[in-house]
């Protein structure tokens, strides 16, 4: 399994010289079987615009799962030339909000006039729009476990993607403090997060904040980097990629987080050029 980080920023894109090394695109991770082009994509932040670089000129054919519907996870959707073309095939999974909304209508709330000129049904290629709920899916030769995690502003899911040899857990937006301070003041290590992570080879986790920022900035619904590291330790995860970086966190500041995490084996700060082999 090959993991391509196409966008690692949270909340808004971050253009500018001080963000070049880690990258300014918002959340998107592409997953491929060994030796193949990606067929499973997690989230459609502005990073999905980089998906064509991995396709060798071919159209995308596969599944795209949205963890939730906040802007920074969907804004790239109409700008990806690998999916918006006549010969593409995309199964788009949209988090069910529990209100009976049709998935296509739900996506169109934010992607239609007057908010945007192109509606979801105007995208080229073969598209299917499906509701996403907790449970298990078989997609593109992967087994995907879906579980709801706390995050402010609509239902949010984490994913565990497995093949016959490895697994990756993806929890890009997570507010564990919504369930209380937990044993160390970073939030609760709740059953859904622990189950998704249990024994996984890689955890990609929300690290928008650091411990000292939780009190002032936790109301946006994010986790601290230290929580991600401890969650991995408690659940036996081999490697951690800190993800969904604060939009004004510069490269130098992310270097500092990387240095402070160096004492924890297997922890890395994701950049949008990162490629991991499992």
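Numbering (the working numbering), first residue to last: 4 to 281.
Heads up, the beta-carbon is just placed ideally off N, CA and C, and yes, glycines get one too.
For residue 232, the enclosing alpha helix (DSSP H) stretches over residues 228-238. Residue 226 sits close to residue 212, with the two beta carbons spaced by under 9 Å. Look at residue 139 here: in three-state DSSP terms it is strand.
The stretch 235-249 and the stretch 259-276 touch, with three or more beta-carbon pairs separated by less than 8 Å. The C-beta distance from residue 154 to residue 224 rounds to 5 Å, short enough to meet the 8 Å contact threshold.
Cβ contact annotation for residue 269 (same chain, cutoff 7 Å, sequence separation greater than five): 241, 242 and 243, in chain order.
Under the 10 Å beta carbon count, residue 259 is surrounded by fewer than 16 other beta carbons and is classified as exposed. Taking residue 133 as reference, the option from 68, 254 and 21 with the minimal CA-CA separation is 68. Approximately 12 Å separates the beta-carbon atoms of residue 129 and residue 66; this is outside 8 Å, ruling out the contact.
The stretch 199-215 makes contact with the stretch 169-185: 3 or more CB pairs, one atom from each, lie closer than 8 Å. In this model, residue 88 and residue 209 are separated by some 32 Å (Cα to Cα).
Comparing alpha-carbon positions, the option among 19, 9, 175 and 36 lying closest to residue 72 turns out to be 175. Taking a C-beta distance under 9 Å as the contact criterion, residue 16 and residue 28 qualify as a contact pair.
Collapsing the DSSP output to three states places residue 70 in coil.
Minimum Cα-Cα distance from residue 101 among the listed residues 122, 125, 137 and 92 corresponds to 137. Residue 123 and residue 9 have their C-alpha atoms spaced approximately 22 Å apart. DSSP lists 29 and 248 as the beta-bridge partner residues of residue 12. Between residue 81 and residue 114, the CB-CB gap stays under 9 Å. In the DSSP assignment, residue 254 falls within the alpha helix (DSSP H) that extends over 254-263. For residue 198, the enclosing alpha helix (DSSP H) stretches over residues 194-200.
Apart from sequence neighbours up to five positions away, the residues of its chain that approach residue 90 with a beta-carbon distance below 8 Å are 62 and 128, ordered along the chain.
Distance from the CA of residue 7 to the CA of residue 164, rounded to the nearest whole angstrom, comes to 14 Å.
Restricting attention to 188, 228, 30 and 86, the CA atom closest to the CA of residue 74 is found in 30. Setting aside the 5 residues that flank it on each side, residue 185 is surrounded in the same chain by 179, 191 and 192, each with a C-beta closer than 7 Å to its C-beta; the list follows chain order.
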